[in-house]
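> Encoded as structure tokens, here's the structure I'll be asking about.
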Amino acid sequence: MAWYRRWRNVFRDDALSTELDAELAYHLAETVDRLIEAGMPEPEALIAARRQLGNYTIQKERARDMNIATWLDQLRADVMYGLRQLKQSPGFTAVAVLSLALGIGANAAIFQLVNAIRLKLLPVKNPEQLVVVDWNKDSARAGAWSTRSANFTYTQWDVLRAHQEAFSDMIAWSASHFDLTRGGEPRFAEGLYVSGSFFPVLGVSAELGRTLSASDDSASCNAAAVISDAFWHREFGGDRQVLGRRLTLNGYPVPAGACCTTDCYELAVALPGGLGLLLSIVQARGRVRNRSSQSLMMLAHGSVRWM
Amino acid sequence: MPKSPNDKLQGTLTLLVLKTLNTRGPLHGYGLCEHIRSVSAELLQLEEGSLCPALHRMEQDQWISSKWEITNKGRQAKFYSITTKGKKQLAEENESWARLTRGVMRVLNYS
């Protein structure tokens, strides 16, 4: 295992050095003995023996190189040199380390975000079969113009869902935020109004209780909110008796109907608006009023050949 | 720096060391020098300093192995001995040396 010894010698430099010194010292001692036997006085013999050996340091260095993984040794020396330099100017070191740390940290954070939004598939059932439904570019259209491009109105969604034949199902949602307080200073939670098909189509299941389904898309049903795992832990401390507890949303009492599995957190990052609460669109109309519930985004589930 | 009078030996250093260790058994560096000097009737003088790196290189190549022992003068010395791999190497170097000298002689004798 010659390479192993060469590697080990990088980190036991002193021992190696001592060994080489001992070997060369023996050589010198024997030469001195011979010269003295030949009749040379000792001081001169010492000098002559040295001269005969040649350049001591070079011999030692060359013998050392034979016993060491040179590139690794140089790397070690470079690292040590670098550390010494850093130690000499602690101010510079602090600034450099700090800016590197901030840079790396920022990049890691940005990557996490980009990864969740852009790179990873949605953490739902068959994400490759989901398509976004939107208006044709530059088409003359009606719609809800809360941003530069139009979203759908509730009426449009109703018609589309009823008459489309291209997809197995469609879902719609609207991002909103809800005031959680009963008066006083408002405290908002991000949430979505969703169609009843939202959970079945995306395949997101509930940890407790049941999620909304198509049968909840009826104004005669009692309103109930599905809360995300994060919201559950933040607002209720992960209490398993949470079902039926009252939430006050924009002043209206709404019971918590279900808690999402942890999946919902990633969904929250992936879908716009963040996600704390999910309410049925239909139930919300006229109850938990919010103007933005009129502006819908849509996804359809089905074959990609329609794109 | 004046050229070493022994630099012709450079290529044959391995051969000489292996051969000596093969016939004489374990030897320390100084002993090797002495042996080669006396056997060659002082025609060959190893450059003592270059012997040490060469020995270490050969040890890394596993042609020779080493052991620290006490000499009869009571000094600590590193004794080198030839290994099986070294013997194979010796045979090869012997062969190539013979070929070289044969070739050189033929050229010199051509007239």
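One line per chain: the protein sequences are A and B, in this order. Residue numbering for the first sequence follows our numbering, starting at 31 and increasing by one per position. Residue numbering for the second sequence follows our numbering, starting at 48 and increasing by one per position. Glycine included, every Cβ here is placed at the ideal spot set by N, Cα and C.
Go ahead and pull the three-state DSSP assignment for B:Phe126.
Residue state, collapsed to three classes: strand.
> Does A:Glu53 come within less than 7 Å of chain B when only Cβ atoms are used?
Yes, because at least one Cβ of chain B sits closer than 7 Å to the Cβ of A:Glu53.
> With a threshold of 7 Å between beta carbons, is B:Arg84 in contact with chain A?
Judged by the 7 Å Cβ criterion, B:Arg84 is not in contact with chain A.
> Taking a cut of 8 Å between CB atoms, which residues from the region 116–147 of chain A lie near chain B?
Residues passing the 8 Å Cβ filter: none.
> Locate the alpha helix (DSSP H) running through A:Leu190, then write down its first and last residues.
Run containing A:Leu190: Tyr184 to His193, per the alpha helix (DSSP H) assignment.
> Taking only beta-carbon atoms, is B:Arg104 less than 7 Å away from chain A?
At least one chain A Cβ lies under 7 Å of B:Arg104.
> Of all Cβ atoms in chain A, is any one closer than 7 Å to the Cβ of B:Lys135?
By this cut-off, B:Lys135 is not an interface position.
> Which of helix, strand or coil does DSSP assign to A:Ala300?
With a pLDDT of 39 at A:Ala300, under the threshold of 50, the modelled position of that residue is not reliable, and no figure is offered here.
> Taking a Cβ distance cut-off of 9 Å, strictly less, list which residues of the region 80–100 of chain A are near chain B, in chain order.
Of all residues in the region 80–100 of chain A, Gln82, Leu83, Gly84, Asn85, Tyr86, Ile88, Gln89, Lys90, Glu91, Arg92, Ala93, Arg94, Asp95, Met96 and Asn97 have a Cβ within less than 9 Å of some Cβ in chain B.
> Report all residues from its chain with a CB closer than 6 Å to the CB of A:Arg212; omit the five preceding and five following residues, and keep chain order.
The residues are Thr278.
> Is any beta-carbon of chain B found at less than 7 Å from that of A:Glu72?
By this cut-off, A:Glu72 is not an interface position.
> Are the C-beta atoms of B:Thr61 and some chain A residue less than 7 Å apart?
No, B:Thr61 does not count as interfacial toward chain A.
> At which residues does the beta strand (DSSP E) containing A:Trp239 begin and terminate?
According to the sequence shown, residue 239 of chain A is Gly rather than Trp. Ala236 to Gly239 is the extent of the beta strand (DSSP E) around A:Gly239.
> Between B:Gly76 and chain A, is any beta-carbon pair separated by less than 7 Å?
Output row for B:Gly76: interface = yes.
> If the cut is a Cβ gap below 7 Å, which residues of chain A does B:Lys125 touch?
Residues of chain A passing the Cβ test: Glu53.
> Residues in its own chain within less than 7 Å of B:Gln123 by CB, not counting five upstream and five downstream?
Result list for B:Gln123: Trp115 and Ile117, in chain order.
> Taking the straight line between their C-alpha atoms, what separation do you get for A:Val189 and A:Ser204?
If you take the alpha carbons of A:Val189 and A:Ser204, they lie about 17 Å apart.
> Just to confirm the assignment, what range does the alpha helix (DSSP H) spanning A:Gly133 have?
From DSSP, the alpha helix (DSSP H) with A:Gly133 extends over Pro120 to Val144.
> Of all the options A:Phe218, A:Asp269, A:Leu50 and A:Pro283, which has the alpha carbon lying nearest to the alpha carbon of A:Lys90?
Comparing Cα positions, the closest option is A:Leu50.
> On the CB-based measure, 16 or more other CB atoms within 10 Å of its CB, does B:Val154 come out buried or exposed?
B:Val154 comes out exposed.
> Per DSSP, A:Lys90 is paired with what?
None; A:Lys90 has no bridge partner.
> Tell me where the alpha helix (DSSP H) around A:Phe266 begins and ends.
From DSSP, the alpha helix (DSSP H) with A:Phe266 extends over Asp259 to Phe266.
> Return the chain-ordered list of same chain residues with a C-beta closer than 6 Å to the C-beta of A:Leu143, the five sequence neighbours on each side being excluded.
Here the set comprises nothing.
> Between the C-alpha atoms of A:Pro216 and A:Ala138, what's the straight-line distance to the nearest angstrom?
Near 34 Å, if we compare the C-alpha coordinates of A:Ala138 and A:Pro216.
> Chain A partners of B:Glu95, CB-CB under 8 Å?
Within 8 Å Cβ-Cβ: His57, Thr61, Gln82, Leu83 and Gly84.
> Is DSSP giving A:Cys294 helix, strand or coil here?
Residue placement at A:Cys294 cannot be trusted, given a pLDDT of 46 that sits under 50; the coordinates are not used to answer.
> Around the Cβ of A:Arg81, are there at least 16 other Cβ atoms within 10 angstroms (buried) or fewer (exposed)?
So A:Arg81 counts as exposed.
> Who are A:Ser198's beta bridge partners in DSSP?
Answer by DSSP bridge pairing: none, since A:Ser198 is not bridged.
> Does any residue of chain A bring its CB to less than 7 Å from the CB of B:Pro100?
At least one chain A Cβ lies under 7 Å of B:Pro100.
> Could you check what DSSP says for A:Ile66 in three-state terms: helix, strand or coil?
In the structure shown, A:Ile66 sits in a helix (DSSP, three-state: H, G or I).
> With 7 Å set as the bound, which would you pick, yes or no: does the beta-carbon of B:Arg71 sit closer than that to a beta-carbon of chain A?
Cβ-Cβ to chain A under 7 Å: no for B:Arg71.
> Does the region 123–142 of chain B come within contact of the region 107–124 of chain A, defined as at least 3 CB pairs closer than 8 Å?
Touching, no.
> With B:Glu94 and A:Gly84 assumed to form a contact (beta carbons below 8 Å), what rounded beta-carbon distance in angstroms separates them?
Confirmed, Cβ separation roughly 7 Å.
> Going straight from the alpha carbon of A:Ser119 to that of A:Ala107, what length do you get?
Those two C-alpha atoms are separated by around 19 Å.
> Tell me, please, whether the CB atom of B:Arg122 is closer than 7 Å to any CB atom in chain A?
For B:Arg122, the answer is yes, since a Cβ of chain A falls inside 7 Å of its Cβ.
> Whose Cβ in chain B lies nearer than 8 Å to the Cβ of A:Arg36?
Here the neighbours are Gln107.
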